[in-house]
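Here's the structure, in structure tokens; my notes come after.
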């Protein structure tokens, strides 16, 4: 029975990572380029996509951390974690740290940066200021994509220990 529970929890963990990192991939490499090439105001489409994606990403992040704790505690090598003496514990530490940085970037964009861009746009502020913040936001999305691929690589490493 424990194997079934661990399998389901691992599936939820991996599916949540697919939603989060896969969603970032979709936005960066499919939606944004198509919107820029085909629309006069690509920001409107990207804003609508963001409103749909962000709640799913938020739920995925929560599930990743909850299931990650469960999976780690279920591992026979977790007792090694605090000492960081094994490759498994070092890799897990790097994965958790990277995922925390990703989550911080995600929530900073959603709770601070996006509302600021929307407020400045509504106030009719300087287009240069708005563009600068939009570039920062896009660069943070790109950073999260790179970090997401690192997390996936570290997950692969953990599976072989």
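Residue numbers (our numbering): 3 to 163.
Where a beta carbon is used, it is the ideal one built from N, C-alpha and C, also for glycine.
Using only alpha-carbon positions, find the residue among the options that is nearest to residue i.
{"i": "residue 62", "options": "159, 26, 148", "result": "26"}
{"i": "residue 138", "options": "44, 118, 75, 152", "result": "118"}
{"i": "residue 72", "options": "9, 143, 148, 158", "result": "9"}
{"i": "residue 158", "options": "69, 53, 16", "result": "16"}
{"i": "residue 143", "options": "57, 110, 162, 92", "result": "110"}
Look at the alpha carbon of residue i and the alpha carbon of residue j, and state the distance between them as a whole number of angstroms.
{"i": "residue 12", "j": "residue 22", "result": "15 Å"}
{"i": "residue 156", "j": "residue 75", "result": "17 Å"}
{"i": "residue 36", "j": "residue 88", "result": "45 Å"}
{"i": "residue 55", "j": "residue 77", "result": "32 Å"}
{"i": "residue 49", "j": "residue 4", "result": "43 Å"}
{"i": "residue 112", "j": "residue 105", "result": "10 Å"}
{"i": "residue 101", "j": "residue 68", "result": "12 Å"}
{"i": "residue 39", "j": "residue 121", "result": "26 Å"}
{"i": "residue 14", "j": "residue 129", "result": "42 Å"}
{"i": "residue 57", "j": "residue 43", "result": "23 Å"}
{"i": "residue 163", "j": "residue 53", "result": "39 Å"}
{"i": "residue 6", "j": "residue 126", "result": "56 Å"}
{"i": "residue 92", "j": "residue 151", "result": "18 Å"}
{"i": "residue 147", "j": "residue 24", "result": "9 Å"}
{"i": "residue 45", "j": "residue 64", "result": "27 Å"}
Quick check: residue i and residue j, are their CB atoms within less than 8 Å of each other?
{"i": "residue 19", "j": "residue 154", "result": "yes"}
{"i": "residue 86", "j": "residue 115", "result": "no"}
{"i": "residue 149", "j": "residue 98", "result": "no"}
{"i": "residue 140", "j": "residue 90", "result": "no"}
Could you pull out every residue in the same chain whose Cβ sits closer than 7 Å to the Cβ of residue i, ignoring the five residues on either side in sequence?
{"i": "residue 51", "result": "29, 33"}
{"i": "residue 145", "result": "107"}
{"i": "residue 123", "result": "132"}
{"i": "residue 95", "result": "86"}
{"i": "residue 47", "result": "37, 41"}
By Cβ distance, which residues of its chain are closer than 8 Å to residue i, with the 5 residues on each side in sequence left out?
{"i": "residue 31", "result": "none"}
{"i": "residue 66", "result": "15, 18, 19, 22, 101"}
**Message:** Restricting to runs no shorter than 4 residues, where is the alpha helix (DSSP H) found entirely within the region 45-119?
**Reply:** 89-110
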